[in-house]
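These protein sequence lines map, in sequence, to chains A and B. Quick note on our numbering: the first sequence kicks off at 1 and runs consecutively. Quick note on our numbering: the second sequence kicks off at 1001 and runs consecutively. Glycine included, C-beta positions come from ideal geometry on N, C-alpha and C. All of these numbers come straight from a predicted model, not from anything done at the bench. One structure is given here, and the rest of the page talks about it.
2 protein chains.
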Amino acid sequence: MIVDARQSGESARDYAYRILKENIISTELKPGSLVSENETAAKLGLSRTPVREAIYDLAKVSIIETIPQKGSFVALIDPKMVEEARFLRKVLDVAVIRLACQEIDPEILKALEDNIDLQEFYLSKGNAEKIYELDNEFHRLIYVAAHKEIICELKSNMLIHFDRVRSLSVETVRDMKIVADHSGMLAAIKEHDEEKAVALVEKHLSRYHFDEELIRGQFPDYFK
Amino acid sequence: MIVDARQSGESARDYAYRILKENIISTELKPGSLVSENETAAKLGLSRTPVREAIYDLAKVSIIETIPQKGSFVALIDPKMVEEARFLRKVLDVAVIRLACQEIDPEILKALEDNIDLQEFYLSKGNAEKIYELDNEFHRLIYVAAHKEIICELKSNMLIHFDRVRSLSVETVRDMKIVADHSGMLAAIKEHDEEKAVALVEKHLSRYHFDEELIRGQFPDYFK
DNA sequence: CTAGTAATACTTGTCTACAAGTTCATTAAA
DNA sequence: TTTAATGAACTTGTAGACAAGTATTACTAG
């Protein structure tokens, strides 16, 4: 497990959650592997309590399965679960961008514009990691524009299933297209053009195709 | 706080969660009131740990607000939050019933039919509480039909905001209409008629109108 | 050598104790 | 009387111990 430092102001629980989530998405913690509360607590320099809470959070969206008196295990990749995550994201993203098209706060609009400027900057630098972060933030801002922050949070938790298979996929160079998609969405929001925005969201999501057979061929043990 | 007995096979954590949720929805635990971990644990005959975990779960959907070293408080009614819950329910219910219309397992269909028979039975008996339970179960079954169980769970958690204001509303006699709505939805699913089903879902949800001014007039202290 | 059993080393579930911070009431001083 | 300080009684955050259950391993009996 890769453990980076605890950020200032981060509670023990949040710290444990962040580290576990990162390691699950990257499959540094392999699907099916045991995540012991004691062992994790020791590695993070915490007691069991906050670690236990973080594990429980992850279990709530079935990315960890806890079996009483046996252990907590990173869930095997379950195509059904990946589909639930994909479905949730699509349904909510579409519904939320419709709201954003209807009315948007100038401040949020500014934040979206700044975000895209940064995306283009890092695209020219070829910094994929930064684009990944900005991508997440861009979509979150649309939820903020629609005043649906809690829903965004719920979605994020579920998205772990999706992000994990994404991280296993061969990363083709598609950052350019992603940034262009975002640009188009922002334009649609400015023009209050719901249909255009929705079409773009759907196109955008289609770029993250889950090629189950391919990944299953490479990592058969990771699957349910 | 009204505490009924712990069910067999129910973990301490689940028990605490269930009791707290019921008391929050019924406003037996008043908006703004303190929910002390120690006090709750004592009342339920548990230790702090499982109670703490239950409180944390509720805090995740902002129905409880925990302030470190100060306390955990039942959230005041926040119309924004009620709206987020309503929005989530509508968007998901619509998306999910579309899937159910496309394809439905005969077993689930049977369960839906049985459920409606029971609804009609209890309607004739005038048993509102049973209808409430069957109502929840009916909608859950549609999620099961669409293979979206986890999403259903996430929605349920958020719905607490919605259910709480619903429980504060004067209960007009509308059970009849609700049961009829369900009947219509089932028919639409059988006929694979998506548009009809969606129209019914939207009509159905419109019956749960949140009359903010009315409730605010009656319980001004409960609001944010 | 094999089969069964007992010990052991794990796991999570729960409980209790302590640490750190907030609030509020009481008390003492001006 | 008013005001400021102090301490008691709360709160949650974290830590660690014990209980109960499981799986493995080593050992003993046949």
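_Between which residues of its own chain and M1158 (chain B) is the CB-CB distance below 6 Å, once the five residues before and five after are set aside?_
Only V1061, A1085 and L1088 meet the Cβ criterion.
*Is the Cβ-Cβ distance between L248 (chain A) and M176 (chain A) less than 9 Å?*
Examination of residue 248 (chain A) is not possible in this model, given that chain A is present from 1 through 224 alone.
_Strand pairing of S1072 (chain B), partner residues [DSSP]_ = According to DSSP, S1072 (chain B) bridges with B:T1066.
*What residue ranges within the region 1082-1144 of chain B form continuous beta strand (DSSP E) runs of no fewer than 3 residues, ordered along the chain?*
Under the rule that a run must span 3 or more residues, no beta strand (DSSP E) segment is found entirely inside the region 1082-1144 of chain B.
_I'd like to confirm the pairing. Which residues does DSSP put opposite L1034 (chain B) in its beta bridges?_
Its beta-bridge partners are B:F1073.
*L1186 (chain B): first and last residue of the uninterrupted alpha helix (DSSP H) it sits in*: It spans D1175 to K1190 - the alpha helix (DSSP H) in which L1186 (chain B) sits, taken as one unbroken run.
*Shortest alpha-carbon distance to T40 (chain A) belongs to which of A:V82, A:V51, A:E213 and A:D211?*
In this structure, A:V51 is the residue among A:V82, A:V51, A:E213 and A:D211 with its C-alpha nearest to the C-alpha of T40 (chain A).
*Would you check if there are 3 or more beta carbon pairs closer than 8 Å linking the region 1058-1072 of chain B to the region 1102-1118 of chain B?*
Of all C-beta pairs linking the region 1058-1072 of chain B to the region 1102-1118 of chain B, fewer than three are shorter than 8 Å, placing the two stretches out of contact.
*Do you know how far the Cα of S47 (chain A) is from the Cα of N38 (chain A)?*
If I take the Cα positions, the gap works out to 8 Å.
*Closer than 9 Å, Cβ to Cβ, to anything on chain B: give me those residues from the region 141-160 of chain A, in chain order.*
Result list: A146, H147, K148, E149, I150, I151, E153, L154, K155, N157 and M158.
*Excluding the five sequence neighbours on either side, which residues of its own chain have a C-beta within less than 7 Å of the C-beta of S1057 (chain B), listed in chain order?*
According to the sequence displayed, residue 1057 (chain B) carries Asp and not Ser. Excluding the 5 residues flanking it on each side, D1057 (chain B) has same chain C-beta neighbours closer than 7 Å at Y1017, in chain order.
*Contacting residues, own chain, Cβ-Cβ under 7 Å from I1142 (chain B) (five flanking each side not counted)*: Take I1142 (chain B), set aside five residues on each side of it, and the residues of its chain with a beta-carbon closer than 7 Å to its own are V1096, I1097 and A1100, in chain order.
*Name the one or two DSSP bridge partners that F1223 (chain B) has.*
Beta bridge pairing from DSSP links F1223 (chain B) with B:I1077.
*How should I63 (chain A) be labelled, buried or exposed, when 16 other C-beta atoms within 10 angstroms of its C-beta is the threshold for buried?*
Counting Cβ neighbours within 10 Å, I63 (chain A) comes out buried, since at least 16 surround it.
*Interface partners of A1095 (chain B) on chain A, CB under 7 Å*: Neighbours of A1095 (chain B) in chain A, taken as residues whose beta carbon is under 7 Å from its own, are V91 in chain order.
*What residues from chain B crowd round S8 (chain A), counting only those whose CB sits closer than 7 Å?*
Near S8 (chain A) there are no residues of chain B at all, since even the closest Cβ is about 15 Å away, more than 7 Å.
*Give a yes or no on whether the minimum CB-CB distance between E1137 (chain B) and chain A is below 9 Å.*
For E1137 (chain B), the answer is no, since every Cβ of chain A falls outside 9 Å of its Cβ.
*Just how far apart, CA to CA, sit S26 (chain A) and S1206 (chain B)?*
Using only the alpha carbons, I get a separation of about 43 Å.
*Span of the alpha helix (DSSP H) around I2 (chain A)*: Bounds of any alpha helix (DSSP H) do not take in I2 (chain A), whose DSSP letter is neither H nor E.
*So is T40 (chain A) in contact with chain B if we call contact Cβ pairs under 9 Å?*
By this cut-off, T40 (chain A) is not an interface position.
_On the CB-based measure, 16 or more other CB atoms within 10 Å of its CB, does Q1119 (chain B) come out buried or exposed?_
In this structure Q1119 (chain B) is buried. Its beta-carbon is surrounded by 16 or more other beta-carbon atoms within 10 angstroms.
*Among A:L123, A:G45, A:R6 and A:F73, which residue has its Cα nearest to the Cα of I24 (chain A)?*
It is A:F73.
*Nearest-angstrom Cα distance between I150 (chain A) and Q1102 (chain B)?*
Taking the straight line joining both Cα atoms gives about 30 Å.
_Straight-line Cα distance separating V198 (chain A) from V94 (chain A)_ = Distance between the alpha carbons of V94 (chain A) and V198 (chain A): 6 Å.
*Quick one: is T49 (chain A) near chain B, going by C-beta distance under 9 Å?*
For T49 (chain A), the closest Cβ of chain B is nearer than 9 Å.
*Which residues bound the alpha helix (DSSP H) around E1021 (chain B)?*
Inspection of the sequence shows that residue 1021 (chain B) is occupied by Lys rather than by Glu. Its alpha helix (DSSP H) spans residues A1012 to I1025.
*Which residues bound the alpha helix (DSSP H) around L1159 (chain B)?*
That residue, L1159 (chain B), is in no alpha helix (DSSP H); it is neither H nor E in DSSP.
*For D14 (chain A), which residues from the same chain have a beta carbon less than 6 Å from its beta carbon, with the 5 sequence-adjacent residues on both sides left out?*
Nothing meets the Cβ criterion.
_Local conformation of V201 (chain A) per DSSP, three classes_ = Looking at V201 (chain A) - three-state DSSP - the assignment turns out to be helix.
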